[in-house]
Amino acid sequence: MIAGDIILSGVILGGIYAMVALGMTLQYGVARIMNLAYGEILVAGAFAAYWLYASHAVSPILGLAVVVPLAFVANWAIYVLLLTPLVNRARSREQLESDTILFTFGLLFVLQGIGLAWLGGQIYGYPYLQLPVDVLGVTVQANRLTAAVIALVIGVGLYIALTQTRTGMAIRAVSVDPRAARLVAIDVPRLSGLVFAAGGALAAAAGVLISMSQTFTVGGGVLFTMKALVIVIMGGAGNLGGTLIAGLILGLAEITVARLVDPNLTIAVDFLIFLVVLMARPTGIFGRSA
Amino acid sequence: MLRLISTIAAGAIAALAVSGAAEAQDKIKIGYAISLSGPNAAGASITTVPNYKLWFHDIEAAGGLKLGETRVPIEVIEYDDQSSNEELIKAAERLVNQDKVDIMLSPWGTGMNLAVGATFAKYGYPHMAATAATDLAYEMAAKWPNSFWMLGTSTMGANALTEVLTKLHGAGKINAKVAMVSVADAFGIELSNASRPALAAAGFELVMDESYPITTEDFSQLINAAKASGADTFVAFSYPPDTFGLSGTAIALGYNPAAFYTAVGTAFSIYRDVILHDNVDGVLGIGGVDTDDPKFKDYAKRHLEVTGQPPDYWASPVTYASLEILQQAIERVGKIDREAIVKEIQTGTFDTVAGTIKLDRNVNPNVWWAGQWQNGEFHGLAPSSMAGAKEPVAPKPAWKPAP
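Just so you know, the sequences run in chain order A and B.
Each residue of the first sequence is one higher than the one before, counting from 26 in this note's numbering.
Each residue of the second sequence is one higher than the one before, counting from 159 in this note's numbering.
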């Protein structure tokens, strides 16, 4: 009973964690942009879902159909208008990474400042699918289960798209070597912009799913960015399969420790696993050797 | 750092012309640093900042603070401490040394008030700690005679909760088992430490006693463990985000103990309006007010009108009362003589929205510590010596699941 509870709750939490990190692994692994404002985009998605639910009675799952395309366009605009100059002047991957870290660090404060002025520091949330469901004799929360199932569907769908389609192959090529990708007539800047936008859309989708079962605040984005960062680096930047596995490992580990040992050790166990993985495989579980 | 200066100008020009000749003081600078961002912003933006705004509005409407025969307008300086003790202390130093404020208001929360207490003490500013509940209150008040602890001590909180549970147990509504969780922060640690002996002395057995980190987002394991513990009573010494998280998770997992208690945030209006909706009745929590008191009713009405949001049912009226005490002390002294103002607060008796307050060794001895949502309002239950205390109701009605 307790074992079933731990495994199911762990997979649910892990699925949600993987969803939080999916967008970042695309943005960092393919577009080479370490987006520190990632959590703010996620929180914006949560607020959009809240607004649709509270003032238009639109369920968050239907809300995804509105929020995801909007987030895609908004993030594409951020890339084209604000990040392209950095991409164009960067002489190396390393320079692009450090420039975008500084830029998105600033963007974080701009987005948070606008949010604070507009919505204030209050806690937001709404009750959605707040009921118990029985899965194989274990009681779980319907809203979190739904979020995790949608997250896993999106994750697996994305994995298939990247491994089985031509565009997916091109994206993976850019992730491996952008210079060589140009040689085979891949439009790297355009593809990078689209992948960055897709990453932002995934972040917003994660925000929508999280808002179904958790409260959120304007300033809460940083915690999501940190979590995503740990998962992306653990899984290997740009590797979707690695991101899914890393998310599930952290979710299961946190739930196991919280139930059997001490909830205060959840953060410690996250970073212990993180350290062990990095010591054994510095480029992540499925990362390429450097 | 964000610096917002708002000069309250209505009536100021007229007052300036009069007071300019009579007094050297032509305006009173009031400053504060508070968490406008970071994890403390939720509590600060519900309990503290609106009361400051309401107080400034009231002073403005009266034409200023009364110093002797004249009304002196105020200027307000606000900083964001970003929920960081270091930023808070830096901002407080700046308010004193650079902005040269006449009066400094307190930040939100137990830890923040303890952190900035030394700065208030160093410069002799009266420190109205309206949102700090700590067993260190008497010790701090002895060390910093300028500090005033308006929410009492954690032991008062533990005793009030025990009083409510003892009543319910005596009436046969709950068994003697309690499942307790607490946030791993000064507040949760103090309350759980104070509750262990209090509950044991009253014959309760703690069948679950766990703490969790402040960043926890998944509460399923705590709730499932409590569900399996056999206790009729669930007690959480929680902060607002986890109060909401634990309550939402309890509903979503169908966990229905006879007595369900959560701490900070339970007495917020948004607990009813945003989080629990029609599930709110029966929930026990920290704090309380006498909702039938016409003074509270009038205060709540003005709070809503001026700030656009209702007050909470615990520290909001106490926060406003602390400002009334400060104002009455200043006006009794008749000038910005901080030493005399501190002495007046120590010894005086004050009429406030939270009743008549006379501090005992700088600590407010009469504070609501346990309440319950009944018919859509959060009523004070204990200490039952407080005027207007209601009787606890159990078992809590079963949660209605949200589709």
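Just so you know, even glycine gets a beta-carbon here, dropped at the ideal spot from N, CA and C.
ask   = In terms of residue numbering, what span does the beta strand (DSSP E) encompassing A:Pro-157 cover?
value = Per DSSP, A:Pro-157 belongs to the beta strand (DSSP E) from 157-160.
inquiry  = I want to verify the contact list: residues of chain B whose CB lies under 7 Å from the CB of A:Asp-30, in sequence order.
reply    = Residues of chain B passing the Cβ test: Asn-382.
request  = Say whether chain A places a C-beta atom closer than 8 Å to the C-beta of B:Ala-560.
outcome  = Chain A contact via Cβ: present.
ask   = Can you pull the DSSP bridge partners for B:Ile-192?
value = The bridge partners DSSP lists for B:Ile-192 are B:Asp-238.
query = Within the 8 Å Cβ cut-off, does A:Gly-70 reach chain B?
reply = No, no contact with chain B.
task = Could you check what DSSP says for B:Val-336 in three-state terms: helix, strand or coil?
result = Of the three classes helix, strand and coil, the one that applies to B:Val-336 here is strand, per DSSP.
key: C-beta contact flag for B:Ala-512 and B:Pro-475 at 8 Å   = Result yes, Cβ atoms of B:Ala-512 and B:Pro-475 sit closer than 8 Å.
ask   = Taking all protein chains shown into account, do 16 or more other C-beta atoms lie within 10 angstroms of the C-beta of A:Gln-155, making it buried, or fewer, making it exposed?
value = Buried, since its Cβ has 16 or more Cβ neighbours within 10 Å.
key: Amino acids of chain A, ordered along the chain, whose beta-carbon sits closer than 7 Å to that of B:His-435   = In chain order: Pro-152.
query = Using a Cβ-Cβ distance under 8 Å, would B:Ser-195 count as near chain A?
reply = Interface residue (Cβ-Cβ distance to chain A less than 8 Å): B:Ser-195 is classified as such.
task = Name, please, each residue of chain B whose Cβ falls closer than 7 Å to the Cβ of A:Thr-369.
result = No answer is possible for residue 369 of chain A: it lies beyond the span of chain A, which begins at 26 and ends at 315.
query = From the beta carbon of B:Ala-199, is the nearest beta carbon of chain A less than 8 Å away?
reply = Chain A, which has a Cβ nearer than 8 Å to the Cβ of B:Ala-199, makes this yes.
task = Indicate whether at least one CB of chain A lies closer than 8 Å to the CB of B:Ser-474.
result = B:Ser-474 has a beta carbon lying at 8 Å or more from every beta carbon in chain A.
message = Check this for me: beta carbons of A:Gly-272 and A:Gly-35, under 8 Å apart or not?
response = Taking 8 Å as the Cβ cut-off, A:Gly-272 and A:Gly-35 do not qualify as a contacting pair.
inquiry  = Whole angstroms are fine: how far does the CA of A:Thr-164 sit from the CA of B:Met-338?
reply    = Whole-angstrom Cα-Cα distance: 21 Å.
query = Can a CB atom of chain B be found closer than 8 Å to the CB of A:Leu-269?
reply = Residue-level contact by beta carbon fails for A:Leu-269 and chain B, as no gap is shorter than 8 Å.
query = For chain A, is any of its Cβ atoms less than 8 Å away from the one on B:Phe-402?
reply = Taking Cβ atoms only, chain A reaches closer than 8 Å to B:Phe-402, which makes this a yes.
key: Local conformation of B:Leu-411 per DSSP, three classes   = Taken through DSSP and simplified to helix, strand or coil, B:Leu-411 comes out as coil.
query = Given that B:Ile-494 touches chain A, what residues does it touch there, using C-beta distances under 8 Å?
reply = Within chain A, no residue comes near B:Ile-494; the closest Cβ sits about 31 Å away, beyond 8 Å.
task = Put A:Gly-54 into one of helix, strand or coil per three-state DSSP.
result = In the structure shown, the three-state DSSP call for A:Gly-54 is helix.
query = The beta strand (DSSP E) with B:Phe-536 in it runs from where to where?
reply = Where B:Phe-536 is concerned, the enclosing beta strand (DSSP E) stretches over 535-540.
query = Of all Cβ atoms in chain A, is any one closer than 8 Å to the Cβ of B:Ala-180?
reply = Because B:Ala-180 carries a pLDDT of 42, less than 50, the predicted location of this residue cannot be relied on, and the following value inherits that uncertainty. The beta-carbon of B:Ala-180 is placed no less than 8 Å from the nearest beta-carbon of chain A.
task = Establish whether the CB of B:Gln-379 and some CB of chain A are separated by less than 8 Å.
result = Yes, B:Gln-379 lies at the interface with chain A (some Cβ there is under 8 Å from its Cβ).
query = Just the Cα atoms here: how many angstroms apart are A:Phe-299 and A:Ile-292?
reply = In this model, A:Phe-299 and A:Ile-292 are separated by some 11 Å (Cα to Cα).
query = What are the boundary residues of the beta strand (DSSP E) that includes B:Gln-532?
reply = Counting along the chain, the unbroken beta strand (DSSP E) around B:Gln-532 starts and ends at 528-532.
request  = Name, going along the chain, the residues of the region 202-216 of chain B whose beta-carbon falls closer than 8 Å to a beta-carbon of chain A.
outcome  = Going along the region 202-216 of chain B in chain order, one finds Ala-202, Ser-203, Ile-204 with a Cβ nearer than 8 Å to chain A.
Those residues which DSSP pairs with B:Lys-501 across a bridge = DSSP, once it has assigned bridges, lists no residue as partnering B:Lys-501.
inquiry  = Excluding the 5 residues flanking B:Lys-335 on each side, which residues of the same chain have their C-beta closer than 6 Å to its C-beta?
reply    = Closer than 6 Å at Cβ, skipping near neighbours: Glu-363, Val-365, Gly-388, Ala-389.
key: 8 Å CB neighbourhood of B:Ala-179 in its chain, flanking five on each side removed   = Its pLDDT being 40, under 50, B:Ala-179 is placed unreliably by the model, and the measurement read from it follows with that caveat. The answer is none, since no qualifying residue turns up.
request  = Could you check how far apart the C-beta atoms of A:Val-55 and A:Val-220 are, in whole angstroms? I think they sit under 8 Å.
outcome  = 4 Å between Cβ atoms; contact.
inquiry  = On the DSSP letters alone, give me the boundaries of the beta strand (DSSP E) that B:Ser-305 sits inside.
reply    = For B:Ser-305, the uninterrupted beta strand (DSSP E) run begins and ends at 305-307, by DSSP.
ask   = So which of A:Thr-250, A:Met-59, A:Leu-290, A:Met-194 has the shortest CA-CA distance to A:Thr-125?
value = Check the Cα spacing between A:Thr-125 and each of A:Thr-250, A:Met-59, A:Leu-290, A:Met-194: the tightest is with A:Met-59.
request  = Leaving aside the five residues before and after A:Tyr-75 along the sequence, list all residues of the same chain whose C-beta is less than 7 Å from its C-beta, in chain order.
outcome  = Cβ within range, chain order: Tyr-149, Tyr-151, Ser-236.
ask   = What is the C-beta distance between B:Gln-379 and A:Ala-278, in whole angstroms, given that I count them as a contact (C-beta under 8 Å)?
value = For a cut-off of 8 Å, the C-beta gap from B:Gln-379 to A:Ala-278 is around 13 Å, too long to register as a contact.
key: Collapsed DSSP secondary structure at B:Ala-180 in the structure displayed   = The pLDDT assigned to B:Ala-180 is 42, lower than 50, so where the model puts this residue is not dependable; a value taken from the coordinates is nonetheless given after this. In the structure shown, B:Ala-180 falls within a helical segment according to DSSP collapsed to helix, strand and coil.
Neighbourhood of B:Met-314 by C-beta, 6 Å cutoff - its chain only, sequence neighbours within 5 removed = Leaving aside the five residues that flank B:Met-314 on each side, the residues in its chain whose CB is nearer than 6 Å to its CB run, in chain order, Trp-527.
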